[in-house]
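Trainee: Before I ask anything, let me first share the structure, which is written out below as structure tokens.
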Amino acid sequence: MAIPIEDTNVYLHRPLVNPLLIAVNVAIFIIGVLAPGLLGAHSYNEIVLKYGLVPFLLVNGVELHRLLTHMFLHGGLDHLLGNMLFLYIFGDNIEATMGPARYLAFYVIGGLVAVAFHVLSIAMMPPEALLNYRSFTGVDPWLVPAIGASGAISAVLGAYLLLYPRSLIRALVFWLIFPMPVVVPAGVFILFWFIYQLFMGMATLTGGLPTGVAFWAHIGGFIAGIALTPLFVDKKRVAAYRLLLQLRGFHDIF
């Protein structure tokens with residue numbers, strides 16, 4: 000397991016949307032745990048049931064607001080902190096090259112594509128995999144609420160791979176229980192992350208492995224990020240960023 004700590008990028012424009020997304024995610028989690036009544040529920044679990052993305056409801060066109068609300072819910076403090084750490088490290092530079100409005104649209108669309116991949120992965124599970132899932136968990140995957148920002152954040156990672164592959168990522172890699180600091184190019188870090196998602200995604204698809212993680216949402220969001228980035232980048236911002244790098248003596252990393 001590798002945990003990113005920081006990247007080495009600089010940016011011209013101070014991010015606006017990215018810290019706001021982080022703040023909203025954190026605020027909703029705190030309110031949901033401490034004062035769920037403010038969100039019309041008696042407990043955080045009820046919030047997840049009311050606002051999480053339930054695949055069965057989606058394919059029947061029911062309660063479509065869940066397409067958006069599920070992106071701001073998390074299954075626990077570790078889930079929240081992990082997602083927000085990735086968003087904090089990688090999201091600011093993507094906003095810097097897209098601008099606030101485009102970045103917000105990119106983020107939401109990436110999350111929606113991630114949902115589509117998640118639902119399709121359930122639809123494509125062979126009968127024996129569905130049976131394995133049900134026997135392990137006691138529930139049908141069509142009825143399990145999907146929550147979390149990781150699908151949208153995976154789109155951010157896809158964009159980062161295209162735009163900043165040579166940027167350096169400082170990370171902690173765990174060998175057994177011992178953390179080891181490493182510095183690797185962003186392209187290497189993200190590609191290893193994606194290979195892991197793909198491996199685990201195939202395991203869940205073919206064997207019904209109940210990991211509790213929507214790996215195909217990550218895969219779909221990542222693919223969406225790569226596909227959408229050329230449409231959302233602001234060419235003027237990219238040109239200004241390249242000039243800044245040259246003035247500071249950095250190599251062009253696009």
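Position one of the sequence shown corresponds to residue 0 (numbering that gives the first Met the number 0), numbered consecutively onward.
No residue lacks a Cβ here, since even glycine has one placed at the ideal position from N, Cα and C.
For a test of the three-state rule: what should DSSP assign to ASP139, helix, strand or coil?
Mentor: Correct three-state label for ASP139: coil.
Trainee: Please give the ranges of any alpha helix (DSSP H) in the region 64-136, keeping only runs that are unbroken, at least 4 residues long and fully inside the region.
Mentor: DSSP runs (the alpha helix (DSSP H)) wholly in the region 64-136: 65-68, 76-97, 99-122 and 126-136.
Trainee: Locate the alpha helix (DSSP H) running through ILE194, then write down its first and last residues.
Mentor: Per DSSP, ILE194 belongs to the alpha helix (DSSP H) from 185-206.
Trainee: Three or more beta-carbon pairs under 8 Å between the region 215-224 and the region 149-163, yes or no?
Mentor: At 8 Å Cβ cutoff, the stretches touch.
Trainee: Rounded to whole angstroms, what is the Cα-Cα separation between LEU84 and PRO180?
Mentor: About 16 Å.
Trainee: Roughly how many angstroms separate the alpha carbons of GLY98 and ALA185, rounded to a whole number?
Mentor: When rounded, the distance between both Cα atoms is 21 Å.
Trainee: Thinking just about the alpha-carbon of each residue, which of GLY157, ILE176 and ILE189 is nearest to the one in ARG169?
Mentor: The option with the nearest alpha carbon to ARG169 is ILE189.
Trainee: Looking only at its chain, what residues have a beta carbon closer than 8 Å to the beta carbon of LEU79, apart from the 5 residues adjacent to it on each side?
Mentor: Result list for LEU79: ASN24, VAL25, PHE28 and HIS73, in chain order.
Trainee: May I ask you to report which of helix, strand or coil DSSP gives GLU45?
Mentor: In this structure, GLU45 counts as helix in the three-state DSSP scheme.
Trainee: Let me know the secondary structure DSSP gives LEU15 once reduced to three states.
Mentor: It is coil, neither helix nor strand.
Trainee: Between MET0 and PHE173, what straight-line distance do the alpha-carbon atoms span, to the nearest angstrom?
Mentor: If I take the Cα positions, the gap works out to 6 Å.
Trainee: For a test of the three-state rule: what should DSSP assign to ILE176, helix, strand or coil?
Mentor: Coil.
Trainee: CB LEU11 to CB TYR240, shorter than 7 Å?
Mentor: Yes; because the gap between Cβ atoms is below 7 Å, this pair is in contact.
Trainee: CB ILE88 to CB VAL155, shorter than 7 Å?
Mentor: Contact flag unset, no.
Trainee: By DSSP, does ILE168 sit in helix, in strand, or in coil?
Mentor: ILE168 falls in the strand class under three-state DSSP.
Trainee: Do you know offhand how far VAL187's Cα is from GLY36's?
Mentor: Using only the alpha carbons, I get a separation of about 44 Å.
Trainee: Note down, in chain order, each residue of its chain lying with its Cβ closer than 8 Å to the Cβ of ALA104, except the 5 sequence neighbours on either side.
Mentor: Taken in chain order, the residues that qualify are PHE231.
Trainee: Rounded to whole angstroms, how far is the Cβ of PRO54 from the Cβ of VAL118, which I believe are closer than 8 Å?
Mentor: Indeed they touch by this definition, with Cβ atoms about 5 Å apart.
Trainee: Can you list, in chain order, the residues of its chain with a C-beta nearer than 7 Å to that of HIS41? Leave out the 5 residues immediately preceding and following it.
Mentor: Only PRO35 meet the Cβ criterion.
Trainee: First and last residue of the alpha helix (DSSP H) that includes ILE225?
Mentor: From DSSP, the alpha helix (DSSP H) with ILE225 extends over 214-231.
Trainee: Less than 7 Å between C-beta atoms, sequence neighbours within five positions excluded: which residues of the same chain meet that for GLY224?
Mentor: Correct list, in chain order: GLY109, SER153, ALA154, VAL155, LEU156, GLY157 and ALA158.
Trainee: Name the DSSP beta bridge partners of LEU52, please?
Mentor: LEU52 pairs with ALA145.
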